[in-house]
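S.K.: Take a look at the following structure, please.
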Amino acid sequence: PSLSNLHDVFHVSQLRKYVADPSHVIEADDVQVRDNLTVETIPLRIEGREVKKLRNKEIVLVKVVWGGTAGENATWELESKMKDSYPEL
C-alpha cells in the first residue's frame, strides 16, 4: 500500500559473486531427456488453493509441487486442468 507506487527493479549493484557448491550440480546420468528435449516431472502434492476473480469470472488455481531429477519446484496451475490430467491428486 504505502510502497505501491514503486516499481520492482533489479539493480546490478545488488549482485554478489556466486560461491561454487558441489551440491548444486546435477549428474548428467540422472537426467533423462526425451526426443523433444523435455524432462519428465510428476506432481508430488498440492500445497494451496486460490480463487482469482476476473471481472465476472472466477478461476480456481492450485499450487502444485512438482518433482523430478532437478529437485522440487512449485507452480500455480488451473484446478480443472490438474483434475483432468492427474485425478489421483
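Just so we're aligned, residue 1175 is where the sequence shown starts under the working numbering, counting upward by one.
Virtual Cβ for every residue (Gly too), placed ideally from N, Cα, C.
#1: Since E1253 is in the beta strand (DSSP E), which residue starts that stretch and which ends it?
#2: How many angstroms separate the CA atom of E1214 from the CA atom of S1176?
#3: For V1199, tell me which candidate among H1185, R1219, R1229, G1245 has the shortest Cα-Cα distance.
#4: Under the three-state reduction of DSSP, which class applies to V1236: helix, strand or coil?
#5: Less than 8 Å separating the beta-carbons of I1233 and L1263?
#6: Please confirm whether L1218 and G1241 have their CB atoms less than 8 Å apart.
M.R.: Checking against the coordinates, here is how it stands:
#1: Here the question's residue 1253 lines up with position 79 in the sequence shown. Premise fails: E1253 lies in the alpha helix (DSSP H), 1253–1259, not in any beta strand (DSSP E).
#2: Residue numbering aside, residue 1214 sits at position 40 when the sequence shown is read from its first letter. Residue numbering aside, residue 1176 sits at position 2 when the sequence shown is read from its first letter. The C-alpha of E1214 lies about 43 Å from the C-alpha of S1176.
#3: For the purposes of this step, residue 1199 is taken as residue 25 along the sequence shown, with counting starting at 1. The option with the nearest alpha carbon to V1199 is G1245.
#4: As a working note, residue 1236 is residue 62 in the sequence shown. Correct three-state label for V1236: strand.
#5: On the sequence shown, residue 1233 is found 59 positions in, with the first residue counted as 1. On the sequence shown, residue 1263 is found 89 positions in, with the first residue counted as 1. Not closer than 8 Å, so no.
#6: Here residue 1218 refers to the residue found at position 44 of the sequence shown. Here residue 1241 refers to the residue found at position 67 of the sequence shown. In contact: L1218 and G1241 (Cβ atoms closer than 8 Å).
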